[in-house]
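Colleague: Dumping the structure here so I can ask a few things about it.
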Amino acid sequence: MSTLQGDPRRPSDLHSFVREQLDPDEAPKDFYALFSLALGFLAFLMKWRGLAWGSLLLCVFSFINMKPQDMIKTDLACSFYFSISTLVSAYPTPPSTPEDVFWYQLLTLW
């Protein structure tokens, strides 16, 4: 009695697994810049200093991890300037005149 007579497997239909090769040029997108802009936007709206510093740190991390061929100077400058502007807006200056004291105290309550 033959052992292969009722065998449903087909050796010619078997295919070995071939791992897909990743191209190093197709690296994941720069999420540091995206999160830097998101934190900067939240820091600008809520005036939280921690978020503003986080935005600046993520902007620096984005700059460090950039490849020279992927570096777009306008995007980097926009992200950096936005991070700096959120830091400036998060640290209000003290009032210089007595009339501004009311508005300064009102703004710092939030």
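Numbering (UniProt numbering), first residue to last: 1 to 110.
Note that CB positions come from ideal geometry on N, CA and C, so glycine has one too.
Quick check on Q21: does DSSP put it in helix, strand or coil?
Modeller: Here residue 21 refers to the residue found at position 21 when the sequence shown is read from its first residue. Coil, per DSSP.
Colleague: Taking C-alpha atoms, which residue in L37, A52 and F35 lies nearest to A43?
Modeller: Locating residue 43 in the sequence shown gives position 43, where the first residue counts as 1. Checked all of L37, A52 and F35; the closest Cα to A43 is A52.
Colleague: Which residue from S83, S89 and T108 puts its Cα closest to that of S37?
Modeller: Taking the first residue of the sequence shown as position 1, residue 37 is located at position 37. What sits at residue 37 in the sequence shown is Leu, not Ser. The candidate whose alpha carbon is nearest that of L37 is S83.
Colleague: When DSSP labels each residue in this structure, what does I72 get in the three-state scheme?
Modeller: Against the sequence shown, residue 72 aligns to sequence position 72. DSSP places I72 in coil when its eight states are reduced to three.
Colleague: Can you have a look at A33 and say buried or exposed, based on whether 16 or more other CB atoms are within 10 angstroms of its CB?
Modeller: Locating residue 33 in the sequence shown gives position 33, where the first residue counts as 1. A33 is buried by the Cβ-count criterion.
Colleague: How many angstroms separate the CA atom of R19 from the CA atom of R9?
Modeller: Within the sequence shown, numbered from 1, the residue matching residue 19 stands at position 19. Within the sequence shown, numbered from 1, the residue matching residue 9 stands at position 9. Cα-Cα distance, rounded: 24 angstroms.
Colleague: In the DSSP assignment, the alpha helix (DSSP H) including Y32 goes from what residue to what residue?
Modeller: Looking up residue 32 in the sequence shown gives position 32. First-last of the alpha helix (DSSP H) with Y32: F31 to M46.
Colleague: Based on Cα-Cα distance, which residue from I64, D13 and G50 lies nearest to S89?
Modeller: Mapped onto the sequence shown, residue 89 falls at position 89. Checking every option, the nearest Cα to that of S89 belongs to G50.
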